[in-house]
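From first to last, the protein sequence lines are chains B and R.
First residue of the first sequence? That's 382 in this note's numbering, and the numbers climb one at a time after it.
First residue of the second sequence? That's 2 in this note's numbering, and the numbers climb one at a time after it.
Backbone N, C-alpha and C fix where the C-beta goes; we use that ideal spot for every residue, glycine too.
These figures come from a predicted structure and were not determined experimentally.
Here's the structure, in structure tokens; my notes come after.
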Amino acid sequence: MAERAFAVVGLFDSAQELIEAIPRVRARQVGRVEAYTPYPVHGIDAALGLRRSPLGGMVLVAGLLGTVTALSFQWWMNAVDYPIPIGGKAVFSWQAFVPVMFEVTVLFATFTAGLGMLFLLNRLPFFSHPLLSSKAIAAVTRDKFALAVEADGNGLDVDRARAALLTVGAKMLEVLPFPSREPSSLRFIFRATLGIAAACVVAGYGMYWTIKLFPVLPPMVHMQDQPKLNAYKASVFFKDGHGMQIPVEGTVPRGYLPYTISTQGEAGELVNPLPRTRQVLQKGRKAFSEHCAVCHGALGNGVPTLTSAYGAKPANLQAQTFRDYPDGKIYHVIMVGKNAMPSYAADLTEDERWAIVHYVRVLQRAQNARDEDLR
Amino acid sequence: MNGSRFPGAFWAMAALGSLGVGASWFAVSPERFWANWLLWFLFVLTTGLGSLFIVALGHLVGARWSVPIRRAPERLSSLVLLAAPLGVVALLALPVLYPWARPEGALNHIIAGKAPWLNVPFFAIRVFVCFGVWLLAYRILTGGSVKQDQTKDPTFSVRARRFAPAFMVIFGFTITLVAFDWISSLEPEWYSDIFGVYLFAGTFLAGLGASALVVIHLVEHGRLPGVRGDHLYNLGGFMFAFTVFWSYIGFAQYMLMWYGNMPEEIFWYKQRIEGPWLNVILLLAAVHFLVPFFALVPRDRKGDPRNMRWVATLVLAAHFLDLYWLIFPVVGTSPVFSWPEISFALCFLGLAMLWVRRAMSTGADMPVGDPLLQEGLEFRL
Numbered sequence: 382m383a384e385r386a387f388a389v390v391g392l393f394d395s396a397q398e399l400i401e402a403i404p405r406v407r408a409r410q411v412g413r414v415e416a417y418t419p420y421p422v423h424g425i426d427a428a429l430g431l432r433r434s435p436l437g438g439m440v441l442v443a444g445l446l447g448t449v450t451a452l453s454f455q456w457w458m459n460a461v462d463y464p465i466p467i468g469g470k471a472v473f474s475w476q477a478f479v480p481v482m483f484e485v486t487v488l489f490a491t492f493t494a495g496l497g498m499l500f501l502l503n504r505l506p507f508f509s510h511p512l513l514s515s516k517a518i519a520a521v522t523r524d525k526f527a528l529a530v531e532a533d534g535n536g537l538d539v540d541r542a543r544a545a546l547l548t549v550g551a552k553m554l555e556v557l558p559f560p561s562r563e564p565s566s567l568r569f570i571f572r573a574t575l576g577i578a579a580a581c582v583v584a585g586y587g588m589y590w591t592i593k594l595f596p597v598l599p600p601m602v603h604m605q606d607q608p609k610l611n612a613y614k615a616s617v618f619f620k621d622g623h624g625m626q627i628p629v630e631g632t633v634p635r636g637y638l639p640y641t642i643s644t645q646g647e648a649g650e651l652v653n654p655l656p657r658t659r660q661v662l663q664k665g666r667k668a669f670s671e672h673c674a675v676c677h678g679a680l681g682n683g684v685p686t687l688t689s690a691y692g693a694k695p696a697n698l699q700a701q702t703f704r705d706y707p708d709g710k711i712y713h714v715i716m717v718g719k720n721a722m723p724s725y726a727a728d729l730t731e732d733e734r735w736a737i738v739h740y741v742r743v744l745q746r747a748q749n750a751r752d753e754d755l756r
Numbered sequence: 002m003n004g005s006r007f008p009g010a011f012w013a014m015a016a017l018g019s020l021g022v023g024a025s026w027f028a029v030s031p032e033r034f035w036a037n038w039l040l041w042f043l044f045v046l047t048t049g050l051g052s053l054f055i056v057a058l059g060h061l062v063g064a065r066w067s068v069p070i071r072r073a074p075e076r077l078s079s080l081v082l083l084a085a086p087l088g089v090v091a092l093l094a095l096p097v098l099y100p101w102a103r104p105e106g107a108l109n110h111i112i113a114g115k116a117p118w119l120n121v122p123f124f125a126i127r128v129f130v131c132f133g134v135w136l137l138a139y140r141i142l143t144g145g146s147v148k149q150d151q152t153k154d155p156t157f158s159v160r161a162r163r164f165a166p167a168f169m170v171i172f173g174f175t176i177t178l179v180a181f182d183w184i185s186s187l188e189p190e191w192y193s194d195i196f197g198v199y200l201f202a203g204t205f206l207a208g209l210g211a212s213a214l215v216v217i218h219l220v221e222h223g224r225l226p227g228v229r230g231d232h233l234y235n236l237g238g239f240m241f242a243f244t245v246f247w248s249y250i251g252f253a254q255y256m257l258m259w260y261g262n263m264p265e266e267i268f269w270y271k272q273r274i275e276g277p278w279l280n281v282i283l284l285l286a287a288v289h290f291l292v293p294f295f296a297l298v299p300r301d302r303k304g305d306p307r308n309m310r311w312v313a314t315l316v317l318a319a320h321f322l323d324l325y326w327l328i329f330p331v332v333g334t335s336p337v338f339s340w341p342e343i344s345f346a347l348c349f350l351g352l353a354m355l356w357v358r359r360a361m362s363t364g365a366d367m368p369v370g371d372p373l374l375q376e377g378l379e380f381r382l
């Protein structure tokens, strides 16, 4: 027992007696002196000669780190990575960053204070402190003040410690043995991690099935339920009660100017507004192959892939008649149709129609190349 | 704080200063004269009120540690008495500094709309009522405490503890009135709900700074036996907390107005941040927050009289600079500080020192009749 003793504990009735006893026991140098009290006792730090806790410095450093982290984080997001000016303010507006900087400072500082105190300085988890299984613990958590002489590196001389405590008037002395086995921190961490992982899985599945089985609880509907008018929503604002209103007379959609030309002769005067660039020709080729090539053929020569069902024969755009057509006339045919060909005005944009005209010219020239084209 | 040794120096300061004050009445614009007067009136008043608040706070929560040093804020709160005549004289500044007190104020529809509150008779009534309740509270809290030195009657402690909650409510209302009436209404178009809290933070700090200086002075002269670094530490802790509180409130007010950018709010800040005033507010941020914060962060520093002396002085000076930054932009677009300001400083600082020195002889140096005194002396961190 003697060489395996962890501490000798004695009890005092008041904090005052305890504080007076501490320096006298410390002076005898029998072991590490520790006090256990039901509440924090003012002045006990000085009596025990505790060295200044490094926690304050750690908290300060962590807090400043939080400030800098939040500042650089927001600077990166708002001024560098995705700059969006909001409300006419500069993208780097430190004023707007301050609340987050403050919060992150507090977050870092409190986490450092809490976790640093528990795990770094008090070396938790430590489940089986010998005092917890003593008889004194019941009194210490109620109204008594315990003074313990604990084993230091050289072990503990129980008799000397007992004598020291008796001299200063401690009562109900008790010898505490070392804990029977050291608690395994690694096992605790492993179990705690496993427990947290299990809790995450259970919570995730629970949430998933709750939402799936009880769809009356939609998780997030804020984007759906807006007070704006949708196209087919009823409205109390408009007289006719419809959300969607008929546009004002003469309204023209962007890019769709009204087409007032009715004769081919008139249309022949039109000039192709697009330049003959590679981009325009590629656009023309795409539109031609999607809309025209089915009947007129990929080369525009009227040899189609899909015409057997039709009685009418598609026009051969390589024919001299069409090669002599002015640009405007081809455009006009696309707009209003010709013979069996319907109007393609609704399927093609203005630019696509003129790009097709350019492309038809290219097809015609390619099938009727001149000598100078080959040079 | 060498008052006990050199009372003549304070008389000389006050005399020299009052000469300068008299000269500045003729030499500088009335706006500048009255702005100086208002500044010193408010500085003396808030230091006194902050001290009275510390006294009431101790009674309110039944604090033990503050009992041995309570006489310091009790004596300092007599500055409210000194502020009373200064405030009454400051009523003469109304037509000079306050647009709503001038006839053309009626032409501005915003000021005209506030006329039921901002008019000279009602303003004067509020000033007199405020001084009335402060003096009453001063009488109850301080007078009873001094009487207790002889009687050793513990009923005063009970009475003070019952009165303290009522005082807190009164104090909350009246300090807000000081902020709104005397400072905010210099620019009556501007308003900020939190401005009263902002002034309260500065007021409390001023009281703490002055009390700490007095306590350190008395301890050095051996007049507070048993008062230790542990007591000073608590004053330092309060000071630390409320420099942060002041900054928090001040920045909260600024950030909301900066975000909203509304013309009726932001003009007040534009006057106080743009141009040469930028230097003043940067200095204010340094002396009212950054320097005291880091000077008070280390634990030992809060109980160290040498450190606490200069921090307390700095906190008082920062509160003065705060008031200067609040008031003086109505005088001009750039800060003025020359012989009139120095004269005012000499005059009122000398007067206040003489006043405090006289107050130092009221009652014992410690509330010897308070039943909690022994517990307070035994206080350890």
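query	result
M439 (chain B) versus L350 (chain R): straight-line alpha-carbon distance, rounded	42 angstroms
Stretch-stretch touch, CB-based, cutoff 8 angstroms, three pairs: the segment 200-217 of chain R with the segment 41-48 of chain R	yes
Neighbour flag for G444 (chain B) against chain R, beta carbons, 7 angstroms	no
Counted within 10 angstroms of its Cβ, other Cβ atoms place I403 (chain B) as buried (16 or more) or exposed	buried
Rounded distance between the beta-carbons of F669 (chain B) and Y740 (chain B), thought under 8 angstroms	5 angstroms
Rounded C-alpha distance that separates L611 (chain B) from G631 (chain B)	In the sequence under discussion, the amino acid at residue 611 (chain B) is Asn, which differs from the Leu named in the question. So the two alpha carbons sit approximately 23 angstroms from each other.
is_contact[N3 (chain R), chain B] using C-beta, thresh 7 angstroms	Here N3 (chain R) scores only 44 on pLDDT, less than 50, and its place in the model should not be relied on; the value that follows carries that caveat. No, no contact with chain B.
In DSSP terms, what R327 (chain B) is bridged to	Nothing about residue 327 (chain B) can be reported from this structure: the residues present for chain B run from 382 to 756 only.
Nearest residue (CA-CA) to I642 (chain B), options B:L575, B:K710, B:G681	B:K710
Classification of C673 (chain B) by the beta-carbon crowding that lies within 10 angstroms, buried from 16 upward	buried
Supposed contact pair V68 (chain R) and L382 (chain R) - C-beta distance, whole angstroms, cut 8 angstroms	Contact flag wrong, Cβ pair sits at about 16 angstroms.
Through-space distance from G208 (chain R) to I55 (chain R), alpha-carbon basis	7 angstroms
Contact check, S186 (chain R) vs S52 (chain R), beta carbons under 7 angstroms	no
Beta-carbon spacing of G411 (chain B), R543 (chain B) below 7 angstroms	The sequence as given places Val at residue 411 (chain B); Gly does not occur at that position. Their beta carbons are not under 7 angstroms apart, which means V411 (chain B) does not touch R543 (chain B) by this criterion.
Per DSSP, cross-strand counterpart(s) of G536 (chain B)	B:D533
Burial state of W457 (chain B), where buried means 16 or more other Cβ atoms lie within 10 Å	exposed
Under 9 angstroms by beta carbon: chain B residues contacting W278 (chain R)	What W278 (chain R) touches in chain B: nothing, since even the nearest Cβ is about 17 angstroms away.
Within-7 angstroms CB hit, R607 (chain B) to chain R	Per the sequence shown, the amino acid found at residue 607 (chain B) is Gln instead of Arg. For Q607 (chain B), the answer is no, since every Cβ of chain R falls outside 7 angstroms of its Cβ.
Simplified DSSP assignment, three categories, for E266 (chain R)	helix
CB contact below 7 angstroms: W326 (chain R) versus chain B	no
Residues of its chain near W66 (chain R), where Cβ-Cβ distance is below 8 angstroms and the 5 sequence neighbours each way are ignored	D231, H232, N235, G377, F380
Cβ neighbour criterion (16 or more within 10 Å) applied to E384 (chain B)	Confidence in E384 (chain B) is poor, its pLDDT being 49 and thus under 50, which makes the residue's placement unreliable; the coordinate value appears in the next sentence. With fewer than 16 Cβ atoms within 10 Å of its Cβ, E384 (chain B) is classed as exposed.
Same chain, Cβ closer than 7 angstroms to D323 (chain R), neighbours up to 5 away in sequence not counted	G203, L285, H289
Own chain residues within Cβ distance below 7 angstroms of V549 (chain B), not counting five before or after	A402, R405, V406
Below-7 angstroms beta-carbon distance, G665 (chain B) vs any chain R residue	no
Counted within 10 angstroms of its Cβ, other Cβ atoms place Q149 (chain R) as buried (16 or more) or exposed	buried
Chain-ordered residues of the segment 473-493 of chain B with a beta carbon less than 9 angstroms from chain R	S474, Q476, A477, V479, P480, F483
Proximity to V134 (chain R) [Cα-Cα], best of R:Q254, R:Y99, R:T175	R:T175
Below-7 angstroms beta-carbon distance, H423 (chain B) vs any chain R residue	yes
Which listed residue (B:K667, B:L554, B:A545) has its alpha carbon closest to that of T730 (chain B)	B:K667
M263 (chain R) at chain B interface by Cβ criterion, 7 angstroms	no
Touching by the beta-carbon criterion (3+ pairs, under 8 angstroms), the segment 565-574 of chain B and the segment 444-455 of chain B	no
Integer-rounded CB distance, given that F329 (chain R) should sit under 8 angstroms from V337 (chain R)	7 angstroms
Buried versus exposed, by CB contacts within 10 Å (16 or more), S158 (chain R)	buried
Within 7 angstroms, strictly: CB atoms of V228 (chain R) and V220 (chain R)	yes
Endpoints, the beta strand (DSSP E) within which A388 (chain B) is located	386-393
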